[in-house]
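Novice:
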Amino acid sequence: MRGEVWRRGLPSGKKVYVAQYRQNGPLPALEHRRARLPDARLGGQEAARRGRESGSDPIAQRRAAGAVSLFSEIADEFMRTHVAGKRKARTLEAYEILLRLHILPMIGALRVTDIRRGHISKLLAGLAEHLGAANRALSVIVAVWRRFRCRCQTIC
């Protein structure tokens with residue numbers, strides 16, 4: 048196994064130390080944000096050792112993380128499979144309006160696993176003048192999230 052560690056500067060001005068090692072193929076890069084180069088070298092060596100011992104492939108892990116669906120995809124599936132068949136027409140229409148006008152513009156492009164409390168708080172703050180819409184939007188988000196969790200448990 049061969050490894051390298053070097054420092055790279057980000058556009059923000061932050062220093063990033065990159066540890067790269069070869070394990071049965073191309074060189075996957077593992078980043079370590081450390082204050083000093085010796086710490087980055089040790090961190091890179093430790094990450095490489097853990098990768099060798101576990102047989103993990105960082106590239107495959109990144110691809111698996113990228114396989115997580117976007118919130119908009121999960122919301123579309125939720126609307127097709129759950130709401131369309133089990134709710135009244137007016138409820139379907141209200142959910143579609145909430146998704147189209149408020150929810151999807153804010154969090155639709157995010158992967159479901161990347162959505163944080165701050166995203167939801169920002170969305171609800173934008174609906175502060177319309178408390179009923181904010182409460183309904185939150186209930187739709189929670190319902191979509193629960194649907195995602197159920198789907199993950201059956202797939203994973």
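Counted the way this note's numbering counts, the sequence shown spans residues 48 to 203. Don't be surprised by glycine CBs; every beta carbon is placed ideally from N, CA and C. The structure presented is a predicted model; accordingly, all values stated were derived computationally and were not measured.
Considering only residues of the same chain and omitting the five flanking positions on each side of L57, which have a CB-CB separation below 8 Å?
Specialist: Cβ within range, chain order: V63.
Novice: How big is the Cα-Cα spacing for L178 and L145?
Specialist: So the two alpha carbons sit approximately 13 Å from each other.
Novice: Classify L148 as helix, strand or coil using the three-state DSSP reduction.
Specialist: DSSP places L148 in helix when its eight states are reduced to three.
Novice: Quick one, which of L148, G155, R127 has its alpha-carbon nearest L117's?
Specialist: It is G155.
Novice: State the beta-bridge partners of G56 as determined by DSSP.
Specialist: DSSP lists K62 as partners of G56.
Novice: The alpha helix (DSSP H) with S168 in it runs from where to where?
Specialist: Start and end: 164-173.
Novice: Count the CB pairs spanning the segment 116-134 and the segment 152-172 that are closer than 8 Å, and state whether there are at least three.
Specialist: Yes, they touch.
Novice: In terms of residue numbering, what span does the alpha helix (DSSP H) encompassing E120 cover?
Specialist: Looking at the DSSP string, the run of the alpha helix (DSSP H) that includes E120 is 118-125.
Novice: Shortest alpha-carbon distance to F195 belongs to which of D123, S59, H149, R183?
Specialist: Ranking the options by Cα distance to F195, first place goes to D123.
Novice: Please determine if the segment 124-138 and the segment 171-185 are in contact, where contact requires at least 3 C-beta pairs separated by less than 8 Å.
Specialist: Taking 8 Å as the limit for Cβ pairs, the verdict is that the segment 171-185 does not touch the segment 124-138.
Novice: CA-CA distance, H149 and E143?
Specialist: Roughly 10 Å between the two C-alpha positions.
Novice: Compare the C-alpha of L170 against each of I162, A190, M153 and name the closest.
Specialist: Answer by Cα proximity: M153.
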